Amino acid sequence: MLTRRHLPHRAACVATGLAVNVRAHTCPTEDHPCMSDPEVSMTRYRSAAARALAYLRGHLQADGSYGPQITDLASYYKSPYLYLIAGELEECHHLLSYIGRQFLGTDGDLRSSPALKSGNDAYDFYTMYPNTWVALAAQKTGRFEIAQPACQHLRGYRDTATGGFRGGRADGPAGTAVDLIATSAMTLLGLYFGDLDQSRACARVLRRFLERQPDPAGGFLLRMRPDGELIDDYPAELAPYYLLDARRPEQWYFMVGYPLAVLALLHRATGDPELLTAARGYFDFAAGCTGVQEFFFSHKVGWGAGLLYAITGEERYAQFAAGVCDHLVRMQAGDGRWLADMTPVFSFDQTAECAIWLREISALLGAAPPRVS
353 MLTRRHLPHR
363 AACVATGLAV
373 NVRAHTCPTE
383 DHPCMSDPEV
393 SMTRYRSAAA
403 RALAYLRGHL
413 QADGSYGPQI
423 TDLASYYKSP
433 YLYLIAGELE
443 ECHHLLSYIG
453 RQFLGTDGDL
463 RSSPALKSGN
473 DAYDFYTMYP
483 NTWVALAAQK
493 TGRFEIAQPA
503 CQHLRGYRDT
513 ATGGFRGGRA
523 DGPAGTAVDL
533 IATSAMTLLG
543 LYFGDLDQSR
553 ACARVLRRFL
563 ERQPDPAGGF
573 LLRMRPDGEL
583 IDDYPAELAP
593 YYLLDARRPE
603 QWYFMVGYPL
613 AVLALLHRAT
623 GDPELLTAAR
633 GYFDFAAGCT
643 GVQEFFFSHK
653 VGWGAGLLYA
663 ITGEERYAQF
673 AAGVCDHLVR
683 MQAGDGRWLA
693 DMTPVFSFDQ
703 TAECAIWLRE
713 ISALLGAAPP
723 RVS
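Heads up: the sequence shown runs through residues 353 to 725, numbered per this note's numbering.
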């Protein structure tokens, strides 16, 4: 029997909140030049992020919740990171305290309730993903009573054969496959938790994903068997979890944006030129995808492009990142939200994330780039 997670690609995206109608969320009356005036563009991005933060802050209660009707983990897990980078430290602590009380189990897992990860079915497949956001924000804020058990739980998703990470429980929908976005997330956590060995092991898996693609012009396979071989045989109704189709628009582009970004960050940490080469490879694939700058879920690709610009000073990366940001600003609702016609499970999630990347990318593009010989 098919559930929402077993729908064809476009329907599955909508059902899980992992796609939107781009035209319905575009404001054609506004003009958003792509880096024609960099200072104007940076101001636009920061202003859009501020509107999003104001919308979320307007719902924040004294107990750190967004109110008694908003009880799903998906509505909360990205918010602490946004408040942190926006300089709203007190609000960040309130949210983390609520998350710790409401969602953190004795095993270090984060769940909406003991029987439910989230009302967003995508997190049945990517069980560990929300946990990585909370662990990162808690670590950076010094909330180690949350960060440490959350990180310890996440290490349980490691595949010992490859060094990569599964997206969920081995006995759940994700199975035993090594997942691209889960491995990317744990590359980043390794950096922030002082575990470079973990980050390097994950990076080797990310490079293997890139190098083993059988048809890079056609698409990018997203999952790997424990023997290191990419999975190219999967049910058609589960395609979004296994393949980013480069020839079709409205794909989950963040799947390749995350490894692009974390490889660039690990290059910063280690100076390893092969990591920068791999990051460039992920960017080149993403930039060649149909409609990549015209769809909502390119935000992590924009972040990765911004990092490549900060590292290399190459203008093409800045132009790409700005194009992503311009599209996000066009899609923002007047009250500051993204996905304003969807429930808080989806709209609070993506409002926080879009504001995060607009702030991060504007900072990367606004910083003076290094000289390029």
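Glycine residues also receive a C-beta, built at the ideal position from the N, C-alpha and C atoms.
Model, not experiment: these values are computed from the prediction.
Contact under 9 Å by Cβ, residue i with residue j
i           : j           : result
residue 613 : residue 652 : yes
residue 650 : residue 676 : yes
residue 520 : residue 459 : no
residue 622 : residue 548 : yes
residue 427 : residue 701 : yes
residue 631 : residue 596 : no
residue 717 : residue 703 : no
residue 647 : residue 602 : yes
residue 462 : residue 451 : yes
residue 697 : residue 424 : yes
residue 409 : residue 445 : no
Option in the options with minimal Cα separation from residue i
i           : options               : result
residue 611 : 647, 622 and 562      : 562
residue 634 : 564, 447, 472 and 688 : 564
residue 576 : 586, 552 and 467      : 586
residue 480 : 439, 465, 512 and 535 : 535
residue 447 : 417, 469 and 455      : 417
residue 640 : 665, 419, 664 and 608 : 608
residue 615 : 466, 553 and 708      : 553
residue 573 : 502, 588 and 594      : 594
residue 482 : 493, 555, 505 and 497 : 505
residue 643 : 679, 669 and 664      : 679
residue 403 : 569, 693, 464 and 683 : 683
Alpha-carbon spacing of residue i relative to residue j, whole angstroms
i           : j           : result
residue 530 : residue 516 : 6 Å
residue 382 : residue 396 : Its pLDDT being 42, under 50, residue 382 is placed unreliably in this model, and the coordinates cannot settle the point.
residue 685 : residue 600 : 26 Å
residue 662 : residue 470 : 36 Å
residue 508 : residue 637 : 31 Å
residue 522 : residue 719 : 43 Å
residue 626 : residue 655 : 20 Å
residue 378 : residue 617 : A caution first: residue 378 carries a pLDDT of 38, below 50, which makes its placement in the model too unreliable to give a value.
residue 440 : residue 582 : 42 Å
residue 390 : residue 429 : 32 Å
residue 500 : residue 443 : 21 Å
residue 538 : residue 406 : 30 Å
residue 673 : residue 414 : 37 Å
residue 422 : residue 411 : 10 Å
residue 714 : residue 398 : 7 Å
residue 493 : residue 664 : 30 Å
residue 707 : residue 401 : 4 Å
residue 606 : residue 645 : 12 Å
residue 591 : residue 527 : 15 Å
Neighbour-count burial assignment, residue i, 16 or more Cβ in a 10 Å radius
i           : result
residue 699 : buried
residue 579 : exposed
residue 542 : buried
residue 545 : buried
residue 513 : exposed
residue 705 : buried
residue 524 : exposed
residue 431 : buried
residue 486 : buried
residue 557 : buried
Residue i Cβ short of 8 Å to the ligand NAD heavy atom set
i           : result
residue 558 : Among the components of this structure there are no ligands whatsoever, and the ligand NAD is therefore not found.
Rounded Cβ spacing between residue i and residue j (contact assumed at less than 8 Å)
i           : j           : result
residue 433 : residue 502 : Contact doesn't hold; Cβ gap of about 13 Å is too wide.
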